[in-house]
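Participant: I'd like to ask you about the structure that follows.
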Amino acid sequence: MASTDGGVVSPVAGDAGRRIVHCSNRALNAEFPTNKIRTTKYTLLTFLPLNLLEQFSRHINRYFLLIACLQLVSAITPVNPVTTWAPLIVIFGLSAAKEALDDFGRAKQDKIANQKKYKIIQDGELVEVESQEIHVGDIVKLYDGDQVPCDICILATSAPDGACFVQTMNLDGETNLKARTAVPNLQALDVKAIENFQEVLVCAPPDSSIYRFDSHIGNISLSGDQLIQQTTTIKNTAYVYGVAVYTGADTKFAQNKGTAHVKWTKVDGFINRVAIALFIFQLVIVAIFGAVGNVWERTTGSRHYYLNTSKEDAYINLAIYPLRFLLLISTIIPISLKVTLDVCKFFYAKFIGWDLRLFDDGVDEGHPDQEPYEPAQANNTSISEDLGQIQVVLTDKTGTLTENRMIFRKCSIKGALFTERECGSGGRLFLAGAHNESSVTLNFLRNIALNNSVTPSQDASGRLMYDSIGLHASIRLTHALPRYKSPSPDEESLVEAAAQLGVKLVSRHGPMIELNVHGQTESYLVRQELTFTSERRRMSVIVQDRATGNLVMYTKGGDDVIVERVASLSEEDRITVSHLNSFAGEGLRTLAFAQRYVDSNEFAAWTEKFNEANTVVHGREEALSSLFAEIEHDFDLCGASAIEDRLQTGVPDTIKTLRLAGIKFWMLTGDKFSTALQIATTCNLKSSLSDTGVLLEINAISEDGIHSELDAHHGTLKAVNGTRDVCVILRGASLGAALSSTNRDRFLALCLAANAVICCRFSPKQKAQVVRMVKDAGLMTLAIGDGGNDVSMIMEAHVGVGIRGREGLQAARAADYQINYFRSLQPLLLIHGRQSYLRTCLVAQYSYFKSFEFCIVQILFAFASGYSGSALFDSACIAAYNALLFVPILTFVFDQDIPGDQVLRVPEVYLDCQASQHFTWTTYLIWMFRGFFQAIVVYSGSCLFYNNDFITRNGLPADFETLGLLAFFSFLLVQSVTMFLELQYVTRYNVIGIVGFHILGCAMLYFASTQIAFDSLIQLGSAQFVFSDPVFWLANVIIVAAAILPVLAIQVIRPIPKPILTVSENDCLSPGVVDSDEESGDTHIVG
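Here it is in structure tokens:
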């Protein structure tokens, strides 16, 4: 390495704009942030202004703030300003308190992380500092079991070859250990050299690519193999020395904690449109009654001296009357609706977590390492209603529909087919006829054993760990099988199979690999790894046999990308290709294997270009991918493997049930055509062609070719005319042309008309493109997957569901909901989704209904008050009605029209929710007409009893105060009865909430009217007076009956359609029968 004076290596040319890290020199690294972690949103000084700014960023909150401010103007307010300020402060206070508690929790976690102790080298000595005191460029020493405090480039480890192991559970959810290595040429540094290490490290600016670390020290290229990320844990390594390269908010972990995309449900969108319609209605009422008020004052009011009208005030009154009506009916938009829905959604999320149907039962073979009884989890508590309206499910295959437990079943080696058979008490498998030492077979098995990311497991002392095995009597192996760990279940299965056949991977230390080949040790030096990516769809390794010095390149990958790189196909190779297609037709996962000997001169020339490309900081991945393709050619086909990945329990039944619920399925997978097709048939995603299925293949890759195929397929679709199941299947290579401007609409129309769509050979980016296409068509989408390659489509869909699988928790953490099995979709959608949608529809429409009715009563009073905008209700009543109805409305979260288990047996009841039939403009207007009618009954009934001719028991006529109290309590009682009538499932919580808060309202108003301090809110003694009047109670009964009975009569004559259950008598009660649970006190009204 070239050095400047003092031994410091200078950055190479072209490093401008990149991060230059000066090791052990804080002064030169002062521009970079410290390692102090801060995940809080606020500080003590900024909490109030920032939180208020955030809350007032919502239009609805600005509206209520404007109303509250206008009510401070005494000339225009018809009520005490406390009627708006009190609920506004309470609601804002609740939201602020929630934010404060959340932020306080984050602050506590930050403090714990920041105060952890670590050792760094300062002035040549090892000193202990807190995590927050670590700076970029510091040399950090970590020990076995330490959690990594920042992103660190490994300089040296306790292992002679510079290797170390980390667990990345906190980063990507994977529990297996990952190998990392020290910087090449530096792993042998002694402690003294490390203490004086002052090189210059050049790396890219902070980014969110977790495993990418394109950097260099001088001419030494570095990659993700030299980086250990923040939150990972050192394992099986005594110590690690490394230099801090990214700290604080610059770490990979922090860069991946970006603000999640806010999702709004379909119901939320309609609720907002209703609020806008109500606001327009409010403005119309304000304009009409404001104008009428001004006209009435000039024509009629001026004749009444006691009104004290003046012509000088005429111009002022032009504004006063409209503003008074604006304030009078400002409650037409319920101020408590948002907080009510937020609380309801919180309960929906809790119900999902508490549902035993969604728990991991701890016995599924697809989750052998998972803790049993792990519940489902809602990462996003705000979109439960969308679960009840899903129209298209877009699913991954491996680990989602299947168990992701790979079992090696078959292989083809140079045209020879080998199949498995059971052997031994342990249930192990071996390949009949493949257990031999022919060079062809051994080359195939060496390819498997050398070209992978599998690590043999070691115990705490570093010794290799073995599994006990049971073998067929005719087969004798000289050694037990090593225990392997790998991030890829496919590779683990392949390496285990090779070991059973006599080629065991026994050691992997840095670039050194040791194999045990039928009792003989073979040693290889890895000269270069050509890594797998979803775009390359292959993985290669160039190794040097230490015994012969020969360079051999082994490659494996998808059959299409491997076969096209084979020099020439012999007859034996063609037979292997036919075997491979046969494997895929059986639904087995296939891989092709090939090799070639590499000339040392060719490798030297290629390595020179590789080293140049590998020091590029920006665009390194693309440059390397192009370079890999240069050397991956002229292979000799070794063979093909077939691995079984069995379907998860319940997948076919789940898909069948959800299809009955009107949900269509699209399978998006990276597997080949025939494998995807077979799995789709097995799991009921598509009908068998021998049955009633029609398969429409899209194979072309040009726009014109796609156009022609679409013409033909649309003709087939028209001929079928819905009489047969139609399945569309296409490859990733065809997607670009299918989504072109000329084909997109017709392609989408074909897919939406089909019963199922299969997308094979798709990359993660293409999966997200398809999800976006379906979303843009206006359909409600749910994407489900289990691996990191599914994250993009999960985040793109309306609802993302992640399965906690063997590939880690990346998908589960990125998703809105975490579940354990694909079959959990049944209760998640049909029970929780459906009930959440129905409950939210009821809560929203009822909230609008009660506010509308309340305002109509106030408007009707304008006809008796000279259109002055005066309030019929006391300020106390106006302030109390939202609070008194808030808790009773929350009890709607316990409502259900059909028991969950019965919904699973009759999935067709999901269809009306899917079609958004429970909250439409029609249903909303029905509620509003109902509110208008009941408002007329409440107001006119109150006027009928407490009119000018009515004389109370104390000999005084009824006044507006008593009229207002009668109207208010009649309104409140109508609301209570309405809530009971709308419930399908009455529980003790409903009874306590509705009846209890009604009684509480009476008590509160009674108490307030006895206190002179509340005289500005309610007239002193008014509540005692009406409560002691028998006519008041009689009037309540009659008014409520008059308001409720006609509604009931209409519902009997024109009943709202209810789901019809076609289940046995033993499963369901007869319609109208009330099922009482004596122990719980719950009452379930069926039908």
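In terms of my numbering, the sequence shown has 253 at position 70, counting the first letter as 1, and numbering is strictly consecutive. Note that the Cβ used here is the ideal one computed from N, Cα and C, for glycine as well. None of the values given here were measured: they were computed from a predicted structure.
1) Out of Met976, Leu520, Ile631, point me to the one whose CA is closest to Ser946's CA.
2) For the beta strand (DSSP E) that contains Ile912, what are its first and last residues?
3) Whole angstroms are fine: how far does the CA of Gly983 sit from the CA of Cys594?
4) Of the residues Met956, Lys950, Cys943, which one's Cα is nearest the Cα of Leu933?
5) Can you tell me which residues form a DSSP beta bridge with Thr602?
6) Scan the segment 723 to 782 and note each continuous beta strand (DSSP E) run of 3 residues or more that stays entirely inside, going in chain order.
7) To the nearest angstrom, report how far apart Ile1221 and Tyr1129 are at their CA atoms.
8) Classify Lys375 as helix, strand or coil using the three-state DSSP reduction.
9) For the beta strand (DSSP E) that contains Phe1075, what are its first and last residues?
10) My output table needs one value for Ile826: the three-state DSSP class, helix, strand or coil.
11) So who's on the other strand from Phe848, going by DSSP bridges?
12) Are the beta-carbon atoms of Ile888 and Leu570 separated by less than 7 angstroms?
13) Rounded to whole angstroms, what is the Cα-Cα separation between Val349 and Val331?
14) Can you tell me which of the three DSSP states Glu1305 falls into?
15) Mark Asn1065 as exposed unless 16 or more other C-beta atoms lie within 10 angstroms of its C-beta, in which case mark it buried.
16) Rounded to a whole number of angstroms, what is the C-alpha to C-alpha distance between Asp397 and Asp344?
17) Leu763 and Asp743: beta carbons closer than 7 angstroms?
18) Should Val1246 go down as buried or exposed, given a rule of 16 or more other Cβ atoms within 10 Å for buried?
19) How big is the Cα-Cα spacing for Ile535 and Glu557?
20) With C-beta atoms as the reference, is Val909 less than 7 angstroms away from Ala863?
21) So what does DSSP say about Pro1090, is it helix, strand or coil?
22) Can you name the start and end residues of the beta strand (DSSP E) that Asn563 belongs to?
23) Could you spell out where the beta strand (DSSP E) holding Val418 opens and where it closes?
24) Whole angstroms is fine: what's the gap from Arg201's alpha carbon to Asp390's?
25) By the three-class DSSP mapping on this structure, what secondary structure does Leu228 have?
26) Taking 7 angstroms as the cut-off, decide whether the C-beta atoms of Ala427 and Asp327 are in contact.
27) Where does Ser1051 land, buried or exposed, given buried means 16+ other C-beta within 10 angstroms?
28) Based on DSSP bridge pairs, tell me the residues matched to Gly699.
29) Answer with yes or no whether the minimum CB distance from Glu705 to chain B is below 7 angstroms.
30) Does the count of Cβ pairs from the segment 1204 to 1216 and the segment 1103 to 1115 closer than 8 angstroms reach three?
31) Comparing alpha-carbon positions, which option in Leu918, Arg289, Ile1042 lies nearest Phe472?
32) How do the segment 217 to 236 and the segment 253 to 263 stand: do at least 3 beta-carbon pairs fall below 8 angstroms, yes or no?
33) Less than 7 angstroms between the beta carbons of Leu253 and Leu510, yes or no?
34) Just curious, the beta strand (DSSP E) that Arg944 is in, first and last residue?
35) Asp819 to Val903, Cα distance in whole Å?
36) Let me check one thing: in DSSP terms, what residues is Cys1126 bridge-paired to?
Facilitator: So, to answer that:
1) For the residues Met976, Leu520, Ile631, the minimum Cα distance to Ser946 belongs to Met976.
2) 908 to 914
3) 37 angstroms
4) Met956
5) Lys593
6) 734 to 740, 772 to 780
7) 13 angstroms
8) helix
9) Here Phe1075 belongs to no beta strand (DSSP E), and DSSP marks it neither H nor E.
10) strand
11) Val576, Ala939
12) The question names Ile, but residue 888 in the sequence shown is Gly. For the pair Gly888 and Leu570, the CB atoms are not nearer than the 7 angstroms cut-off.
13) 9 angstroms
14) Residue 1305 lies beyond the stretch modelled for the chain, which goes from 184 to 1270, so this question has no answer here.
15) buried
16) 22 angstroms
17) no
18) Confidence is the limiting factor: at Val1246 the pLDDT is only 39, short of 50, which leaves the residue's position unreliable and the question unanswerable from this model.
19) 12 angstroms
20) No; because the gap between Cβ atoms is not below 7 angstroms, this pair is not in contact.
21) helix
22) Segment: none, Asn563 is in no beta strand (DSSP E) and carries neither H nor E.
23) Note on residue identity: the sequence assigns Lys, not Val, to residue 418. Here the beta strand (DSSP E) through Lys418 covers 416 to 418.
24) Just so you know, the alpha carbons of Arg201 and Asp390 end up roughly 12 angstroms apart.
25) coil
26) no
27) buried
28) According to the sequence provided, residue 699 is Asn. The question's Gly does not apply to it. Note: Asn699 sits in a beta bridge opposite Lys687, Thr704.
29) The structure shown has no chain B; it contains just one protein chain.
30) no
31) Ile1042
32) no
33) yes
34) Taken as a continuous stretch (DSSP letters only), Arg944 belongs to no beta strand (DSSP E), as it is neither H nor E.
35) 46 angstroms
36) None, per the DSSP bridge assignment.
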